[in-house]
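A.B. asks:
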Amino acid sequence: MRIKLAAISFAVAGLLAASLPLFAHHGYASYDTDRKVTLKGTVTRWIWSNPHCLLQLDVTDDSGHVVHWVAETENPTAMSRAGWTDKSLKVGDQITLTALPVKSGAPVGRIIDVILSNGQKLPGRVNPATEVKPEDTPKY
Amino acid sequence: MWKHFFVVPGIVLAALVLSPPLRSQTDKPSSSAPTEPGLDGWGRPITGLAKDRKPAPAPRHDISGIWDEPELTGIQPLGAKSAPDDGKPEHQLPYTPLGLQELKRTKPSNGSRSVLPGDTNDPVFSYGDPQGLPRENLYELRTTQVLQTPQSVVILYQFGKTWRVIWTDGREFPKDPEPRWYGYSVGKWVDDYTLVVDTVGMDERTWVDRAGRPHSADLRVEERFRRLDHDHLELTVTIDDPKMYTKPWIALDKFVFELQPASFDVREMIWSPSEYERYNKLMGNTGGDRENH
Chain A
3 MRIKLAAISF AVAGLLAASL PLFAHHGYAS YDTDRKVTLK GTVTRWIWSN
53 PHCLLQLDVT DDSGHVVHWV AETENPTAMS RAGWTDKSLK VGDQITLTAL
103 PVKSGAPVGR IIDVILSNGQ KLPGRVNPAT EVKPEDTPKY
Chain B
2 MWKHFFVVPG IVLAALVLSP PLRSQTDKPS SSAPTEPGLD GWGRPITGLA
52 KDRKPAPAPR HDISGIWDEP ELTGIQPLGA KSAPDDGKPE HQLPYTPLGL
102 QELKRTKPSN GSRSVLPGDT NDPVFSYGDP QGLPRENLYE LRTTQVLQTP
152 QSVVILYQFG KTWRVIWTDG REFPKDPEPR WYGYSVGKWV DDYTLVVDTV
202 GMDERTWVDR AGRPHSADLR VEERFRRLDH DHLELTVTID DPKMYTKPWI
252 ALDKFVFELQ PASFDVREMI WSPSEYERYN KLMGNTGGDR ENH
């Protein structure tokens, strides 16, 4: 029984893992561009680098579980033009993140904006218009 | 032991995947454009041009300077800006049968033929190959510095910290040259303000643009740099490859750069393998296998 339960658990975990997103910078195919999520959490890491900057954030949900979110935005060159620097966020900062979530439901997103504890709002760069709709795919 | 080995990771993974966000909304997010000029590579504010500034006349035979396009439209994520791979009929390219055949061999991770990142064969993302020419003009065209000597024009591209030389000393193309990523470029002033650059000898491994448009060894690229006035430089790029396309087509049409101050320090923009690996680990593949892009 114990083995059977373990096997089922492993299979479910495998299916869930397989459903996690595969996506690249500059693509929006993995994101649900009709939704956004707003999360209050604690910054665990702010990575100011190419190809995209990354924010890691611990969020405690209604059940008391801590969920480790990661959200991307664009590269330092682009983000510097939206008021961001490598020092915009630091470990321990309490922030509110609004992001496009990925379709799979994994705790992964793309930054729409971040509100710092002092009320300052840092806008992300989101442009789903660069995505091509399936119906627009040419037939060669 | 078995229980801990399988059940605990299963519960943790399920919690991670199924945990709902604290609050969901259904209104569609809006786009955002650059909100301020930002900082240059030295951490100093980018001043930009004053809106009411009246530019001085263009200097003769001179396109030197540090050039930028503030709206960042040089990124061209869907392929060449003037012919993006967005599915619109007016942007369909005049492929030859061979061109179509070669197009089907490229698997870009953006545009109408987009594949999953792990399935792309984009030489830049899969292998770290140079973009080469003309792709350097057609993907991530950002701050561009132009230097001139009596014999040449040297272009320094921000993306990848890449440079190339355009010879303006009147030389001919080499005979039967070995292929190069950036080919062989010669430039000629056709009037006081227009430098026309022809390039041949590009390596066939490169793509024309981010959308995987193909080219052959017969590719010839024309870049037409036109100094509109002291503060503005216009670039038009034309692709001519009779093996792949039935006629020449314009990939970049009158793309306008703005002159930056001579003291502008261009920010580094290098996609290093280690940064790629970290990005893919955190964003692209939580299963542990490294992705190509």
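These protein sequence lines are chains A and B, in that order. With my numbering as the guide, the letters of the first sequence map in order to residues 3 to 142. With my numbering as the guide, the letters of the second sequence map in order to residues 2 to 294. Note that beta-carbon positions come from the ideal geometry of N, C-alpha and C, so glycine has one too.
#1: Which partner residues does M245 of chain B have in the DSSP bridge list?
#2: Give a yes or no on whether the C-beta atoms belonging to D59 of chain A and W71 of chain A are separated by under 7 Å.
#3: Have a look at B:G49, B:G39, B:W43 and B:G44 and flag the residue whose alpha-carbon is nearest the alpha-carbon of D232 of chain B.
#4: Whole angstroms is fine: what's the gap from A81 of chain B's alpha carbon to N120 of chain A's?
#5: Measure from the alpha carbon of E180 of chain B to the alpha carbon of each residue in B:V187, B:T163, B:V155 and B:R206, then state which is nearest.
#6: Can you list, in chain order, the residues of its chain whose CB lies under 6 Å from that of G126 of chain A, leaving out five sequence neighbours each side?
#7: To the nearest whole angstrom, what separates the beta carbons of T107 of chain A and V45 of chain A, a pair I think is in contact under 8 Å?
#8: Let me check one thing: in DSSP terms, what residues is H70 of chain A bridge-paired to?
#9: For the 8 Å Cβ check, are there 3 or more pairs between the segment 133 to 143 of chain B and the segment 73 to 88 of chain B?
#10: Tell me which residue opens and which closes the alpha helix (DSSP H) that L139 of chain B is part of.
#11: Which residues bound the alpha helix (DSSP H) around E103 of chain B?
#12: Restricting to Cα atoms, I'd like to know which of B:V222, B:K89, B:W250 and B:F258 is closest to L234 of chain B.
#13: Is there at least one Cβ from chain A nearer than 7 Å to Y280 of chain B's Cβ?
#14: With a cut-off of 8 Å on the beta carbons, I'd call T98 of chain A and K42 of chain A a contact; round off their distance for me.
#15: Give a yes or no on whether the C-beta atoms belonging to G188 of chain B and L134 of chain B are separated by under 7 Å.
#16: In the structure shown, what three-state DSSP assignment does Y158 of chain B receive?
#17: Relative to the C-alpha of P98 of chain B, which candidate in B:T200, B:Y246, B:A212 and B:P175 has its C-alpha closest?
#18: Can you list the residues of chain A that L40 of chain B reaches, using a CB-CB cut of under 9 Å?
#19: What residues from chain B crowd round L56 of chain A, counting only those whose CB sits closer than 9 Å?
#20: Go ahead and label P23 of chain A buried or exposed: buried means 16 or more other beta carbons lie within 10 angstroms of its beta carbon, across all protein chains shown.
#21: Cβ of A218 of chain B versus every heavy atom of the ligand GDP: is any distance shorter than 6 Å?
#22: K41 of chain B: which of B:T144, B:V125 and B:H92 sits nearest, CA to CA?
#23: Specify, as a first and last residue, the run of the beta strand (DSSP E) that A84 of chain A falls within.
#24: So what's R54 of chain B in DSSP terms, helix, strand or just coil?
#25: So, helix, strand or coil for K282 of chain B, using DSSP?
#26: Determine the closest residue to L124 of chain A out of A:G85, A:G111 and A:D36, with distance taken between C-alpha atoms.
#27: Would you report the Cα separation of T150 of chain B and V110 of chain A, rounded to the nearest angstrom?
#28: Determine the direct distance from the alpha carbon of E223 of chain B to that of P178 of chain B, and round the result to whole angstroms.
#29: For R214 of chain B, count neighbouring Cβ atoms within 10 angstroms of its own Cβ and tell me buried if that reaches 16, exposed if not.
#30: Tell me where the beta strand (DSSP E) around F226 of chain B begins and ends.
C.D. replies: Here's the rundown:
#1: Working through the second sequence from its first residue, we reach residue 245 of chain B at position 244. For M245 of chain B, which the question treats as bridged, DSSP gives no partner whatsoever.
#2: As a working note, residue 59 of chain A is residue 57 in the first sequence. As a working note, residue 71 of chain A is residue 69 in the first sequence. Correcting the residue identity first, residue 59 of chain A is Leu in this sequence and not Asp. Contact flag set, yes.
#3: Your numbering for residue 232 of chain B matches position 231 in the second sequence. Ranking the options by Cα distance to D232 of chain B, first place goes to B:G49.
#4: Numbered from its first residue, the second sequence carries residue 81 of chain B at position 80. Numbered from its first residue, the first sequence carries residue 120 of chain A at position 118. Roughly 42 Å between the two C-alpha positions.
#5: In the second sequence, residue 180 of chain B corresponds to position 179, counting from 1. Reading off the sequence shown, one finds Pro at residue 180 of chain B, where the question assumed Glu. Of the listed residues, the one whose Cα sits closest to P180 of chain B is B:R206.
#6: Taking the first residue of the first sequence as position 1, residue 126 of chain A is located at position 124. Answer for G126 of chain A: T75, I113, I114 and D115, listed in chain order.
#7: As a first step, residue 107 of chain A must be located in the first sequence, where it is residue number 105. As a first step, residue 45 of chain A must be located in the first sequence, where it is residue number 43. Strictly speaking, residue 107 of chain A in this sequence is Gly, with Thr absent from that position. Contact flag wrong, Cβ pair sits at about 22 Å.
#8: Reading the first sequence from its first residue, position 68 is the one you call residue 70 of chain A. Looking at the DSSP assignment, H70 of chain A forms a beta bridge with A:D60.
#9: yes
#10: Residue mapping note: residue 139 of chain B aligns to position 138 of the second sequence, counting from 1. Counting along the chain, the alpha helix (DSSP H) containing L139 of chain B begins and ends at R136 to L139.
#11: By one-based count along the second sequence, residue 103 of chain B stands at place 102. That run of the alpha helix (DSSP H) goes P98 to L104.
#12: If you number the second sequence from 1, residue 234 of chain B lands on position 233. When each option's Cα is compared against that of L234 of chain B, the closest is B:F258.
#13: Reading the second sequence from its first residue, position 279 is the one you call residue 280 of chain B. Yes, Y280 of chain B lies at the interface with chain A (some Cβ there is under 7 Å from its Cβ).
#14: Here residue 98 of chain A refers to the residue found at position 96 of the first sequence. Here residue 42 of chain A refers to the residue found at position 40 of the first sequence. Indeed they touch by this definition, with Cβ atoms about 5 Å apart.
#15: Numbered from its first residue, the second sequence carries residue 188 of chain B at position 187. Numbered from its first residue, the second sequence carries residue 134 of chain B at position 133. Against a cut-off of 7 Å, the Cβ pair of L134 of chain B and G188 of chain B comes out as no contact.
#16: Indexing the second sequence from 1 puts residue 158 of chain B at position 157. DSSP places Y158 of chain B in strand when its eight states are reduced to three.
#17: Counted from its first residue, the second sequence places residue 98 of chain B at position 97. Checking every option, the nearest Cα to that of P98 of chain B belongs to B:Y246.
#18: For the purposes of this step, residue 40 of chain B is identified with residue 39 of the second sequence, where counting begins at 1. Within 9 Å Cβ-Cβ: S82, R83 and T87.
#19: Reading the first sequence from its first residue, position 54 is the one you call residue 56 of chain A. Within 9 Å Cβ-Cβ: R279, Y280, L283 and M284.
#20: Locating residue 23 of chain A in the first sequence gives position 21, counting from the first residue. Residue confidence for P23 of chain A is low, a pLDDT of 31 falling below 50, so the modelled location carries little weight and cannot support an answer.
#21: You won't find the ligand GDP in this model; it holds no ligand whatsoever.
#22: Position 40 of the second sequence holds residue 41 of chain B. It should be noted that the sequence gives Asp, not Lys, for residue 41 of chain B. The shortest C-alpha separation from D41 of chain B is found at B:T144.
#23: Counting from one through the first sequence, the residue named residue 84 of chain A turns up at place 82. Neither: A84 of chain A is in no beta strand (DSSP E) and is coded neither H nor E.
#24: On the second sequence, position 53 is the one that residue 54 of chain B refers to. Residue state, collapsed to three classes: coil.
#25: In the second sequence, the residue the question calls residue 282 of chain B occupies position 281. Here K282 of chain B sits in helix by DSSP.
#26: Here residue 124 of chain A corresponds to residue number 122 of the first sequence, with the count starting at 1. Measuring from the Cα of L124 of chain A, the nearest candidate turns out to be A:G85.
#27: The sequence position of residue 150 of chain B within the second sequence is 149, counting from 1. The sequence position of residue 110 of chain A within the first sequence is 108, counting from 1. Taking the straight line from one Cα to the other gives about 50 Å.
#28: Numbered from its first residue, the second sequence carries residue 178 of chain B at position 177. Numbered from its first residue, the second sequence carries residue 223 of chain B at position 222. When rounded, the distance between both Cα atoms is 18 Å.
#29: Residue numbering aside, residue 214 of chain B sits at position 213 when the second sequence is read from its first letter. Under this definition R214 of chain B is a buried residue.
#30: Position 225 of the second sequence, counted from the first residue, corresponds to residue 226 of chain B. Looking at the DSSP string, the run of the beta strand (DSSP E) that includes F226 of chain B is R221 to D230.
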